[in-house]
Amino acid sequence: MTEIHPGQRVAVLVDAQNLYHTAQSLHSRNIDYSALLDKAVQDRQLTRAIAYVIRADSPEEESFFEALIDIGFEPKIKDIKTFSDGTKKADWDVGMSLDAVTLANHVDTVVLCTGDGDFSRLCSHLRHEGVRVEVMAFESSTAEELIAAADSFVDLGERHETFLL
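Here it is, written out as structure tokens:
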């Protein structure tokens, strides 16, 4: 696949829930979204940066969403669903995949910030379409098939002083 060069157009898609829960469970810390975006772009041309977030009616959510905008992300917000048995669910897998496929004709590289193995098939599809796919996540909780399907992988846990607050 194509190597990194300054003329590349890049889309950065962040599964915020996946990264948040992993950073909390492994390090009891939060993600530094500014550092994440800087590393994902690497002096290339940023086309879109989207952070997929869940609204769970937490008091600090709105300030977090605003901070994402200030950093350069477009937050896509989905409300958490509560089912009749009390269970809750919210994920952006389909939304992220659709956005990645839609953006594929407008970028050279898609950076997926998630460790979710459900995205391995998306990686294979994007690469087949000639798009470079980079994954950024915590290796200890990233599906092996996702790492294998990507052109490159950045382990956020290896450089936690950079990527965690």
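Each residue of the sequence shown is one higher than the one before, counting from 1 in the UniProt record's numbering. Backbone N, C-alpha and C fix where the C-beta goes; we use that ideal spot for every residue, glycine too. From a predicted model like this one, the values you see are computed outputs, not experimental measurements.
**Item:** Straight-line Cα distance separating Asp108 from Asp38
**Value:** Numbered from 1 along the sequence shown, position 38 holds the residue referred to as residue 38. Numbered from 1 along the sequence shown, position 108 holds the residue referred to as residue 108. Those two C-alpha atoms are separated by around 17 angstroms.
**Item:** Residue nearest to Thr22 in terms of C-alpha spacing, selected from Thr162, His125, Thr114 and Val135
**Value:** One-based indexing of the sequence shown puts residue 22 at position 22. Among Thr162, His125, Thr114 and Val135, the Cα nearest to that of Thr22 is on Thr114.
**Message:** Could you check whether the Cβ of Phe153 sits closer than 7 angstroms to any Cβ belonging to chain D?
**Reply:** Among the chains in the structure shown there is no chain D, since it carries only a single protein chain.
**Message:** I'd like to check one pair, Arg29 with Leu164: are the Cβ atoms closer than 7 angstroms?
**Reply:** As a working mapping, residue 164 is identified with position 164 in the sequence shown. As a working mapping, residue 29 is identified with position 29 in the sequence shown. Contact: yes.
**Prompt:** Which residues bound the beta strand (DSSP E) around Ile54?
**Reply:** Along the sequence shown, read from residue 1 onward, the residue named residue 54 stands at position 54. Residues Gln45 to Arg55.
**Item:** Glu134, buried or exposed, once every other Cβ within 10 Å from all chains shown has been counted against 16
**Value:** Here residue 134 corresponds to residue number 134 of the sequence shown, with the count starting at 1. Buried, because 16 or more other Cβ atoms sit within 10 Å of the Cβ of Glu134.
**Request:** Leaving out five residues on either side along the sequence, give the residues of the same chain with a beta carbon under 8 angstroms from the beta carbon of Thr47.
**Result:** Reading the sequence shown from its first residue, position 47 is the one you call residue 47. Only Arg9, Val10, Ala11, Leu103, His106 and Val107 meet the Cβ criterion.
**Beta-carbon proximity list for Ser141, same chain, < 6 angstroms, skipping 5 on both sides** = Numbered from its first residue, the sequence shown carries residue 141 at position 141. Taking Ser141 as the centre and dropping the five residues before and after it, the same chain places the C-beta of Thr22 and Gly115 closer than 6 angstroms to its C-beta, in chain order.
**When Glu129, Leu112, Thr82 and Gly130 are compared against Phe153, the one with the closest alpha-carbon** = The sequence position of residue 153 within the sequence shown is 153, counting from 1. Nearest Cα to Phe153 within the set Glu129, Leu112, Thr82 and Gly130: Leu112.
**Prompt:** Which whole-angstrom value is the C-beta distance of Ala49 and Gly86, which I expect to be below 8 angstroms?
**Reply:** Mapped onto the sequence shown, residue 49 falls at position 49. Mapped onto the sequence shown, residue 86 falls at position 86. That pair is no contact at about 35 angstroms.
**Message:** Out of Gln17, Ala148 and Ala149, which one is the CA nearest neighbour of Lys76?
**Reply:** In the sequence shown, residue 76 corresponds to position 76, counting from 1. Closest by alpha carbon: Gln17.
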